[in-house]
Amino acid sequence: MERYLRNVWYMAAWAGEVGELGLAREVLGRPLFFYRLGDGRAAALLDRCPHRFAPLSRGGRDGDLVVCGYHGLKFGPDGQCLHNPFGPRIPAGTTVPAFAVTEAHDAIWLWGGDPAAADPALIPDFSFIPDTPEQRSVRGYTLMQANYEYGTDNLMDLSHIEWVHKGTFAGDGVIFAGEHSVRQEGDTLHSDWWMPKIKPPMVAQGLVGAGETVDHWLRMRWNAPASMRLDVGACPHGAPESKGFDIPQAHILTPANAHESHYFWTASRNHDLDSAEVDAYMLNLFREAFDVEDKPMIEAAYANVRANLEAGGDFWAEKPVSLGIDQGGTRARRLLESLIAREAAHG
Ligand code: FES
Ligand SMILES: [Fe+2]
Numbered sequence: 176m177e178r179y180l181r182n183v184w185y186m187a188a189w190a191g192e193v194g195e196l197g198l199a200r201e202v203l204g205r206p207l208f209f210y211r212l213g214d215g216r217a218a219a220l221l222d223r224c225p226h227r228f229a230p231l232s233r234g235g236r237d238g239d240l241v242v243c244g245y246h247g248l249k250f251g252p253d254g255q256c257l258h259n260p261f262g263p264r265i266p267a268g269t270t271v272p273a274f275a276v277t278e279a280h281d282a283i284w285l286w287g288g289d290p291a292a293a294d295p296a297l298i299p300d301f302s303f304i305p306d307t308p309e310q311r312s313v314r315g316y317t318l319m320q321a322n323y324e325y326g327t328d329n330l331m332d333l334s335h336i337e338w339v340h341k342g343t344f345a346g347d348g349v350i351f352a353g354e355h356s357v358r359q360e361g362d363t364l365h366s367d368w369w370m371p372k373i374k375p376p377m378v379a380q381g382l383v384g385a386g387e388t389v390d391h392w393l394r395m396r397w398n399a400p401a402s403m404r405l406d407v408g409a410c411p412h413g414a415p416e417s418k419g420f421d422i423p424q425a426h427i428l429t430p431a432n433a434h435e436s437h438y439f440w441t442a443s444r445n446h447d448l449d450s451a452e453v454d455a456y457m458l459n460l461f462r463e464a465f466d467v468e469d470k471p472m473i474e475a476a477y478a479n480v481r482a483n484l485e486a487g488g489d490f491w492a493e494k495p496v497s498l499g500i501d502q503g504g505t506r507a508r509r510l511l512e513s514l515i516a517r518e519a520a521h522g
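Take the sequence shown: its position 65, counted from the start at 1, is 240 in the numbering used here, and no numbers get skipped.
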């Protein structure tokens, strides 16, 4: 059975996905119902009525109460049943598990553990996601048929760009000219590529004149469980980085269950902020890259090991060969394992 890190924030949805009707979504192997209270705050209940187990997401609302659509029990945001239409008595045990959720960076985050320990300050910094007068992002969501750590492998090892992203980001072999480094700061991991003095890759077109070269970087930051920020930047070769550009992206994976993952992504830009055309271009580009190029490869690779995992094996039992460039994914897996073990040891 999948062991999850509990005391950590999991991104559950884009804030805009949780509207009037709420949102039913599986997270950490549990069906959950996300909705909003009258004051706009997000709330989450197990999407399962304790009477005959109807999904609460199929019901309705009475102010801040969630009304089961099957026989009408009403529940408060703390999961307590506050109304039984069939009598004044509310039987013991008529409660639904309630979860700590909060909103930050245009997203709804679910705390995986004891609600008393849920501190929003522990959400990694994704403050670049919301639009500002200087910056605008496009964003997407996809449900991936793979365990979330296989998504981390993909993102912490961007050497796959040259192979998987031939239609989008492949850079004419620039990654082979790059230096890769992985470092850990506290519980944060960094998997960085530095590619100096190269022909401008697609993202850096127009930055320098014909025949001139650029310094290019790809910097991935990882926080448990699988919340990543990628900085894609370039500047004229030898110039200070501030003479170029740096575009942050979010890549956040959350387990739906052991075999499926929610994949949330964004890509920001600091030009043409009001252009619907540029929005559409970027959305198409990134959907192509993540949904059409990355996702089928990750899913197909996962399908090759899934039966063994279901039979009780794990990633390491498959004896993955190491190429060195994959150490970002390896370190993320090891760090997550150690955080889960630490949590298990300390309760
Ligand atoms: S299943 Fe919810 S009230 Fe009966
Ligand atoms: Fe990719």
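For each residue, glycine too, the CB sits at the ideal point set by N, CA and C. Please read these numbers as outputs of a predicted model, since none were measured by experiment.
Return yes when at least one heavy atom of ligand 2 lies under 6 Å from the C-beta of D289, else no.
no
So, for W392: in the same chain, excluding its five sequence neighbours on each side, which residues have a beta-carbon less than 6 Å away from its beta-carbon?
Same-chain partners within the cutoff: W369, G408.
Within the continuous beta strand (DSSP E) that includes K372, where are the two ends?
For K372, the enclosing beta strand (DSSP E) has its first and last residue at 363 to 373.
Please state the DSSP three-state secondary structure of I427.
strand
What whole-angstrom Cβ distance do S402 and P471 have, given they're in contact under 8 Å?
That pair is no contact at about 23 Å.
L220 and G254 - do their beta-carbons sit closer together than 7 Å?
yes
Using the beta-carbon count (16 or more within 10 Å), is A492 buried or exposed?
exposed
Assuming A399 contacts D362 (C-beta within less than 8 Å), just tell me the rounded distance between them.
6 Å
For S232 and L196, what's the separation of their Cα atoms in angstroms?
Each residue's CA atom was taken as its position, placing S232 and L196 some 8 Å apart.
Pull up the distance between the alpha-carbon of G238 and that of L510, whole angstroms please.
43 Å
Mark W338 as exposed unless 16 or more other C-beta atoms lie within 10 angstroms of its C-beta, in which case mark it buried.
exposed
Find the nearest neighbour of A507 within the set W397, H412, G386, P495, judged by alpha-carbon distance.
W397
Of all the alpha helix (DSSP H) runs that stay within the bounds of the region 286 to 361, which reach a length of 4 or more residues?
323 to 331, 336 to 339
Since P206 is in the beta strand (DSSP E), which residue starts that stretch and which ends it?
First-last of the beta strand (DSSP E) with P206: 205 to 211.
By a C-beta neighbour count over all protein chains shown, 10 Å radius and 16 as the cutoff for buried, is E485 buried or exposed?
Classification for E485: exposed.
Looking at C-alpha atoms only, which residue of W286, G244, M395 is the closest neighbour of N329?
M395
Classify T505 as helix, strand or coil using the three-state DSSP reduction.
helix
Would you call D469 buried or exposed, if buried means 16 or more other Cβ atoms sit within 10 Å of its Cβ?
buried
Sorted by chain position, which residues of the same chain lie with C-beta nearer than 7 Å to G342's C-beta, five sequence neighbours on each side aside?
E463, E468
Assign S232 to one of three DSSP states: helix, strand, or coil.
helix
When you compare only the Cα positions, how much space is there between S334 and G247?
54 Å
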